[in-house]
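Asker: Once you know that position 109 of the sequence shown is 107 in my numbering, the rest is easy, because the numbers rise by one and skip nothing. Ideal Cβ positions, reconstructed from N, Cα and C, are used throughout, including at glycine. Just so you know, these numbers come straight off a predicted model, no measurement behind them.
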Amino acid sequence: MVYKTTSTTRSNQFISLIYPVHDVIESYMDIKSLYPYRYRARQSEGSFRSDKEIIFNRESNSATYVNHRSAGKQKTSEISQGTHDPLSVVYYFRTLPIEIGKDIYIDVFDGKKNWSILVQVLKKEQVWTPAGTFNTIKVKPQMKFEGLFVNKGDVYIWFTDDNLRIPVKMESKIKIGNITAMLLEKRLPGP
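Here it is in structure tokens:
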């Protein structure tokens, strides 16, 4: 069984006149280990286009990168046992025990390179979003991926300080300026 996680990013109508963005990123993770089986990123950001897929093979500790914009060109790379993709790493981080001031390292494969991402757990902070005010834990991941969200400065993510650890806010300096993403709505399953 797998979890499917999807991240969709779209520029608003005004920004689209200047720099249109439409990204759809999907990760399929094992329901128990949370290690990814498959990752697909379709990105359209200004003149930048990308359609890549990563297929993880846990038995051989390898990952096959497929570039769908280059006639399906493939490259297989060696990965460590606990390696994540750029989306599954966020979900996985939510399950880890964290402590203010303690750094966490997580292995990530982006299709071209293996990264050991450092996540600094900075402090507790109360944060307002359109979905409400949350007690959060602020973290600073050191990320380096291609596309709009190429790190041009510090990235900060605020996760709720509870057992759900929902990401409610993100701030970053990117290619075209600064970006702030906030949780707009929170819906939990239930009666």
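My understanding is that Lys184 touches Gly130, with C-beta atoms under 8 angstroms, so please give their C-beta distance in whole angstroms.
Answerer: Position 186 of the sequence shown, counted from the first residue, corresponds to residue 184. Position 132 of the sequence shown, counted from the first residue, corresponds to residue 130. That pair is a contact at about 7 angstroms.
Asker: So the candidates are Thr134, Asp160, Leu162; which of them puts its Cα closest to the Cα of Tyr248?
Answerer: There is simply no residue 248 to check, as the chain begins at -1 and stops at 189 in what is shown.
Asker: Do Val137 and Val119 have their CB atoms nearer than 7 angstroms?
Answerer: Here the question's residue 137 lines up with position 139 in the sequence shown. Here the question's residue 119 lines up with position 121 in the sequence shown. Yes, the pair counts as a contact, with Cβ atoms nearer than the cut-off.
Asker: From Ser60 to Val88, what does the alpha carbon distance come to, in whole angstroms?
Answerer: Sequence index remark: in the sequence shown, residue 60 carries index 62 (1-based). Sequence index remark: in the sequence shown, residue 88 carries index 90 (1-based). Each residue's alpha carbon lies about 21 angstroms from the other.
Asker: Find the nearest neighbour of Ile96 within the set Gly80, Tyr63, Asp159, judged by alpha-carbon distance.
Answerer: Looking up residue 96 in the sequence shown gives position 98. The shortest C-alpha separation from Ile96 is found at Asp159.
Asker: Between Ile53 and the rest of its own chain, which residues show a CB-CB distance below 6 angstroms, the 5 nearest in sequence each way excluded?
Answerer: Residue 53 sits at position 55 when you count from the first residue of the sequence shown. These residues qualify, in order along the chain: Arg36, Thr62.
Asker: Return helix, strand or coil for His118, following the three-state DSSP convention.
Answerer: As a position in the sequence shown, residue 118 is number 120, starting the count at 1. His is not the amino acid found at residue 118; the sequence shown has Gln there. Three-state DSSP puts Gln118 in a strand.
Asker: Between Ser58, Ser75, Ala39, which lies nearest to His66 when the distance is taken from Cα to Cα?
Answerer: Position 68 of the sequence shown, counting from 1, holds the residue named residue 66. Minimum Cα distance to His66 is reached at Ala39.
Asker: If you count every other CB in all the chains shown that lies within 10 Å of the CB of Glu57, and 16 or more means buried, which is it?
Answerer: By 1-based counting over the sequence shown, the position of residue 57 is 59. Result: exposed.
Asker: On the three-state DSSP scale, how would you describe Ile16?
Answerer: As a working note, residue 16 is residue 18 in the sequence shown. Three-state result, Ile16: helix.
Asker: Ser170: buried (16+ other C-beta within 10 angstroms of its C-beta) or exposed?
Answerer: Working through the sequence shown from its first residue, we reach residue 170 at position 172. The residue in question, Ser170, is buried, as its Cβ has 16 or more Cβ neighbours within 10 Å.
Asker: Return the chain-ordered ranges of every beta strand (DSSP E) run that is complete within the segment 67 to 101 and spans a minimum of 3 residues.
Answerer: 71 to 76
Asker: Could you have a look at Gln140 and say whether DSSP puts it in helix, strand or coil?
Answerer: Start at 1 with the first residue of the sequence shown, and residue 140 comes out as number 142. Here Gln140 sits in coil by DSSP.
Asker: So Ser86 and Thr3 are in contact, right, with Cβ under 8 angstroms, and what is the actual spacing, rounded?
Answerer: For this step, residue 86 is matched to residue 88 along the sequence shown. For this step, residue 3 is matched to residue 5 along the sequence shown. Confirmed, about 7 angstroms.
Asker: If you draw a straight line from the C-alpha of Gly109 to the C-alpha of Thr74, how long is it?
Answerer: Sequence index remark: in the sequence shown, residue 109 carries index 111 (1-based). Sequence index remark: in the sequence shown, residue 74 carries index 76 (1-based). Going by the C-alpha atoms only, they are around 9 angstroms apart.
Asker: Given a threshold of 16 other Cβ atoms within 10 Å of its Cβ, counted over all protein chains shown, does Tyr90 qualify as buried or as exposed?
Answerer: Numbered from 1 along the sequence shown, position 92 holds the residue referred to as residue 90. Buried, by the Cβ-count rule.
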